[in-house]
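Line order of the protein sequences matches chains C and U.
By my numbering, the letter at position 149 of the first sequence is numbered 150, and the numbering carries on one by one without gaps.
By my numbering, the letter at position 151 of the second sequence is numbered 488, and the numbering carries on one by one without gaps.
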Amino acid sequence: MDPNESIAHRIKGFLIETGQLTYFAGRFFKEVFRPPYEVREFLRQCYQMGNRSLMLVLVTGFIIGLVLTLQSRPTLIEFGAESWMPNMVGISIVREIGPVITALICAGRIASGIGAELGSMRVSEQIDAMEVSGTNPFKYLVVTRILATTLMLPLLVIFGDIIALYGSALVEYLKGGMSFQLYFNKVFSALSFGDFIPATLKSFFFGFVIGLVGCYKGYYCKKGTAGVGKAANTAVVTSSLLVFFVDFMAVFISDIFYEL
Amino acid sequence: MAKSTSQFVKLGLFVIFGSLLILVTAYMIGNEQNVFRPTFEISAVFNNVNGLQKGNNVRYSGIQVGTVRDIVMEQDTSIRVYMQIQEGMITHIKDNAVAVIGSDGLVGSMLVNILPGPGIGAPVRDGGEIASYSSISTQDMLSTLNVTNKNVSLLSADLLEVTHALRSGSGVLAQLLYDSTMAKDLRQGFHNLNVSTARTEEAISRLNKMIGEWRLEQSTLRLLTDDPEFTGQIQRVAANLDSSGQEIRELTGRINDLIGGVQQGEGTLGMLMTDSTMAAEIRHGLRHLDSGLVKFDENMEALKHNWLTRGYFKKLERQQEKENKNR
Numbered sequence: 002m003d004p005n006e007s008i009a010h011r012i013k014g015f016l017i018e019t020g021q022l023t024y025f026a027g028r029f030f031k032e033v034f035r036p037p038y039e040v041r042e043f044l045r046q047c048y049q050m051g052n053r054s055l056m057l058v059l060v061t062g063f064i065i066g067l068v069l070t071l072q073s074r075p076t077l078i079e080f081g082a083e084s085w086m087p088n089m090v091g092i093s094i095v096r097e098i099g100p101v102i103t104a105l106i107c108a109g110r111i112a113s114g115i116g117a118e119l120g121s122m123r124v125s126e127q128i129d130a131m132e133v134s135g136t137n138p139f140k141y142l143v144v145t146r147i148l149a150t151t152l153m154l155p156l157l158v159i160f161g162d163i164i165a166l167y168g169s170a171l172v173e174y175l176k177g178g179m180s181f182q183l184y185f186n187k188v189f190s191a192l193s194f195g196d197f198i199p200a201t202l203k204s205f206f207f208g209f210v211i212g213l214v215g216c217y218k219g220y221y222c223k224k225g226t227a228g229v230g231k232a233a234n235t236a237v238v239t240s241s242l243l244v245f246f247v248d249f250m251a252v253f254i255s256d257i258f259y260e261l
Numbered sequence: 338m339a340k341s342t343s344q345f346v347k348l349g350l351f352v353i354f355g356s357l358l359i360l361v362t363a364y365m366i367g368n369e370q371n372v373f374r375p376t377f378e379i380s381a382v383f384n385n386v387n388g389l390q391k392g393n394n395v396r397y398s399g400i401q402v403g404t405v406r407d408i409v410m411e412q413d414t415s416i417r418v419y420m421q422i423q424e425g426m427i428t429h430i431k432d433n434a435v436a437v438i439g440s441d442g443l444v445g446s447m448l449v450n451i452l453p454g455p456g457i458g459a460p461v462r463d464g465g466e467i468a469s470y471s472s473i474s475t476q477d478m479l480s481t482l483n484v485t486n487k488n489v490s491l492l493s494a495d496l497l498e499v500t501h502a503l504r505s506g507s508g509v510l511a512q513l514l515y516d517s518t519m520a521k522d523l524r525q526g527f528h529n530l531n532v533s534t535a536r537t538e539e540a541i542s543r544l545n546k547m548i549g550e551w552r553l554e555q556s557t558l559r560l561l562t563d564d565p566e567f568t569g570q571i572q573r574v575a576a577n578l579d580s581s582g583q584e585i586r587e588l589t590g591r592i593n594d595l596i597g598g599v600q601q602g603e604g605t606l607g608m609l610m611t612d613s614t615m616a617a618e619i620r621h622g623l624r625h626l627d628s629g630l631v632k633f634d635e636n637m638e639a640l641k642h643n644w645l646t647r648g649y650f651k652k653l654e655r656q657q658e659k660e661n662k663n664r
């Protein structure tokens with residue numbers, strides 16, 4: 002194959018993928034407000050994506066808080082700025098590290114799970130069967146999942162943030178003798194709504210992107226068992242990339258609205 | 338069904354707890370920025386805000402009381418800083434308080450520190466303005482340090498020159514330091530000075546002694562002891578004094594006898610002192626004498642104006658005047 006033709010083919014494939022994903026998102030927004038509402042399935046998905054991911058997020062967040070503080074301490078001590086640790090860690094975690102790490106964990110766990118689940122349903126023609134039986138598979142399978150990830154991710158992020166701050170406070174308490182009260186006082190005095198609101202808003206978008214990509218990859222899975230694996234894999238890769246892209250966009254926009 | 342109910346309960350807990358965490362975090366952040374507390378606003382005008390931003394902390398004597406709400410450029414040299422202060426502080430901050438822009442530690446963010454003013458002031462009112470004081474900025478300190486550095490550089494250059502001159506042996510100081518002959522001369526000079534001082538001291542003590550002796554020779558005691566004529570005079574005076582003493586003693590005895598007689602009422606004086614009847618008669622007689630003298634004065638005055646005797650009195654006056662002129 003001609004290399005130029007290969008590149009053009011890839012670009013064409015990327016554009017088709019982007020267009021299909023956009024169409025998929027548009028269909029979601031069209032279906033989400035239209036009854037009937039699959040409340041029970043939505044709540045089940047919330048449980049699966051929220052509660053089932055909580056422990057993973059808590060453990061990861063705690064370790065991130067510990068590691069960040071342990072790694073930063075020597076440098077801050079060298080500058081005589083040890084007392085600035087709560088301010089630095091608080092702002093880093095709430096603004097950036099908490100939402101992004103939680104989103105990446107969810108991209109790994111949730112996007113792959115949705116991709117594999119919907120992919121296997123597509124492969125085993127369950128989705129086709131639902132269409133034939135008159136049930137709207139998009140509403141039942143896709144809308145509920147995307148909605149669940151969109152709403153659950155901000156909650157997971159706040160859990161992750163708080164546990165990461167506790168991890169950091171624990172290190173400060175054990176190594177620097179700083180009380181928990183003083184630590185959290187410093188954290189909240191350093192934080193402003195300009196840090197907290199954009200971080201919370203962007204975690205909604207992270208959740209939406211993870212659910213959207215996972216559902217898209219699974220819904221349009223190629224036939225065969227390899228297709229399911231590929232769907233799960235590409236769901237993780239694409240949603241992780243999109244998380245960073247959305248993060249960049251969020252920082253760019255929040256820079257305009259909030260003075261850093 | 339039972340499983341799904343349990344899942345819903347867990348999901349409910351997760352959602353409620355997560356939402357509460359978001360709310361609490363938002364409240365804590367808002368609380369720090371006085372979003373949920375009643376506040377009042379004051380302002381201060383500065384020439385330079387040194388990088389102060391909206392949302393920076395405001396402290397009153399070191400206590401966190403509010404945040405900077407807005408910074409407005411009023412004129413080309415004056416910037417107005419609006420501060421949102423907790424309402425509870427309105428009674429504590431007086432209208433003579435002074436706002437100073439500082440930083441939270443050496444590398445900390447900027448903040449406004451309100452300091453109590455001197456004397457007694459009225460509580461500041463909502464929307465009021467307080468005085469400001471521009472503290473020394475880092476730039477000012479650095480410019481002063483720059484001048485100091487230049488001076489130190491000049492001083493060190495001069496010092497280097499002096500040191501070079503000293504080491505090369507030119508000048509009096511260098512000779513003092515390095516010339517051994519001069520050091521010996523100096524040592525000898527100091528020794529001589531020492532000897533001279535000792536001798537001078539001795540001479541002065543001798544002089545003092547001589548002056549003392551000379552004064553003794555001139556004294557009265559010396560005269561008493563050395564002059565035979567003066568001694569004879571003294572002896573005669575002493576003999577006279579002795580005889581005078583005896584006479585005084587006799588005189589004193591007689592006077593004593595006299596006083597004793599008077600006290601016993603002997604003689605006229607004794608009667609005068611002791612006889613009360615006589616005293617009363619004398620007092621009566623004196624009173625008559627006094628009135629008689631007054632009348633005599635009147636008679637004499639009449640005699641002066643009498644044509645027979647007037648000439649005599651005028652003659653006396655002229656004689657008196659003549660005597661006065663002669664004096």
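Ideal Cβ positions, reconstructed from N, Cα and C, are used throughout, including at glycine.
Please read these numbers as outputs of a predicted model, since none were measured by experiment.
Take the Cβ of residue i as the centre, count every other Cβ of all protein chains shown within 10 Å, and call the residue buried at 16 or more, exposed below.
i	result
Gln583/U	exposed
Phe63/C	buried
Thr485/U	exposed
Asp196/C	buried
Val409/U	exposed
Val40/C	exposed
Val361/U	exposed
Ile353/U	exposed
Tyr649/U	exposed
Ser533/U	exposed
Gln49/C	buried
Ala9/C	exposed
Tyr470/U	exposed
Gly526/U	exposed
Gly173/C	The question names Gly, yet the displayed sequence has Glu at residue 173/C. Result: buried.
Leu71/C	exposed
Give the range of the alpha helix (DSSP H) segment to which residue i is assigned.
i	result
Leu204/C	A small fix is needed here, since residue 204/C is Ser in this sequence, not Leu. Its alpha helix (DSSP H) spans residues Phe194 to Tyr220.
Gly230/C	Thr226 to Phe258
Ala617/U	Ser613 to His642
Phe53/C	According to the sequence provided, residue 53/C is Arg. The question's Phe does not apply to it. Where Arg53/C is concerned, the enclosing alpha helix (DSSP H) stretches over Arg53 to Glu79.
Gln512/U	Val509 to Tyr515
Phe160/C	Thr145 to Val172
Val95/C	Counting along the chain, Val95/C falls outside any alpha helix (DSSP H), and DSSP gives it neither H nor E.
Val382/U	Here Val382/U belongs to no alpha helix (DSSP H); instead the beta strand (DSSP E) covers Thr376 to Phe383.
Ile111/C	Run containing Ile111/C: none; DSSP gives neither H nor E here.
Leu183/C	Phe181 to Ala191
Closer than 6 Å by C-beta to residue i: which residues in its own chain qualify, once you throw out the five before and the five after it? Chain order, please.
i	result
Ser204/C	Pro100, Leu154, Pro155 and Val158
Ala576/U	none
Leu261/C	Low confidence applies to Leu261/C: its pLDDT is 46, below 50, so where it sits in the model is not reliable, and the reading given next is rough at best. Closer than 6 Å at Cβ, skipping near neighbours: no residue.
Thr646/U	Leu640
Thr145/C	Glu39, Glu42, Phe43 and Gln46
Quick one: give me the first and last residue of the beta strand (DSSP E) that residue i is part of.
i	result
Gly403/U	Ile400 to Met410
Ser440/U	Val435 to Ser440
Asn393/U	First-last for Asn393/U: undefined, no H or E at that position.
Arg417/U	Ile416 to Gln423
Asn131/C	Looking at the sequence shown, residue 131/C is not Asn but Met. Not the beta strand (DSSP E): Met131/C falls in the alpha helix (DSSP H), residues Gln127 to Val133.
Glu466/U	Glu466 to Tyr470
Ile451/U	Met447 to Leu452
Can you name, in chain order, every residue of its own chain whose Cβ lies under 8 Å from the Cβ of residue i, other than the five neighbours on each side?
i	result
Asn636/U	none
Kindly list the residues whose CB is nearer than 7 Å to the CB of residue i, restricted to its own chain and excluding five residues on each side of it in sequence; keep chain order.
i	result
Lys176/C	Arg74
Met338/U	Model confidence at Met338/U stands at a pLDDT of 49, short of 50, so the residue's coordinates are unreliable and nothing is read from them.
Val58/C	Thr103, Ile106, Leu157, Phe160 and Gly161
Arg417/U	Ser380, Val382, Val409 and Glu411
Could you name the residues of the region 158–182 of chain C whose beta carbon sits closer than 7 Å to any beta carbon of chain U, in the order they occur along the chain?
The region 158–182 of chain C vs chain U, Cβ under 7 Å: Ile159, Phe160 and Ile163.
How do the region 17–26 of chain C and the region 64–80 of chain C stand: do at least 3 beta-carbon pairs fall below 8 Å, yes or no?
Flag = no, the region 17–26 of chain C and the region 64–80 of chain C do not touch.
Hey, is the region 477–497 of chain U in contact with the region 449–462 of chain U, meaning 3+ C-beta pairs nearer than 8 Å?
The region 477–497 of chain U, when compared against the region 449–462 of chain U, does not touch it at the 8 Å Cβ threshold.
Does the contact criterion of 3 or more C-beta pairs under 8 Å hold for the region 84–92 of chain C versus the region 183–194 of chain C?
Short answer: they touch.
Counting Cβ pairs, one atom from each stretch, are 3 or more of them under 8 Å apart for the region 106–114 of chain C and the region 234–251 of chain C?
yes
Using a Cβ cut-off of 9 Å, which residues of the region 188–212 of chain C contact any Cβ in chain U, in chain order?
Val188, Phe189, Ser190, Ala191, Leu192, Ser193, Phe194, Gly195, Asp196, Phe197, Ile198 and Thr201
Can you pull out the residues from the region 32–58 of chain C whose beta carbon lies closer than 9 Å to at least one beta carbon of chain U?
Arg41, Leu44, Arg45, Cys47, Tyr48, Gln49, Gly51, Asn52 and Leu55
Do the region 390–398 of chain U and the region 447–457 of chain U make contact, defined as three or more Cβ pairs closer than 8 Å?
Contact holds: three or more Cβ-Cβ distances are below 8 Å.
Of the residues that make up the region 397–422 of chain U, which ones have a beta carbon closer than 9 Å to any beta carbon in chain C?
Gln401
Could you tell me whether the region 158–174 of chain C touches the region 209–217 of chain C, where touching means 3 or more Cβ pairs closer than 8 Å?
no
Can at least three beta-carbon pairs, one atom from the region 422–432 of chain U and one from the region 369–382 of chain U, be found at a separation below 8 Å?
yes
How about the region 113–128 of chain C and the region 219–227 of chain C: do they share at least three Cβ pairs that are nearer than 8 Å?
yes
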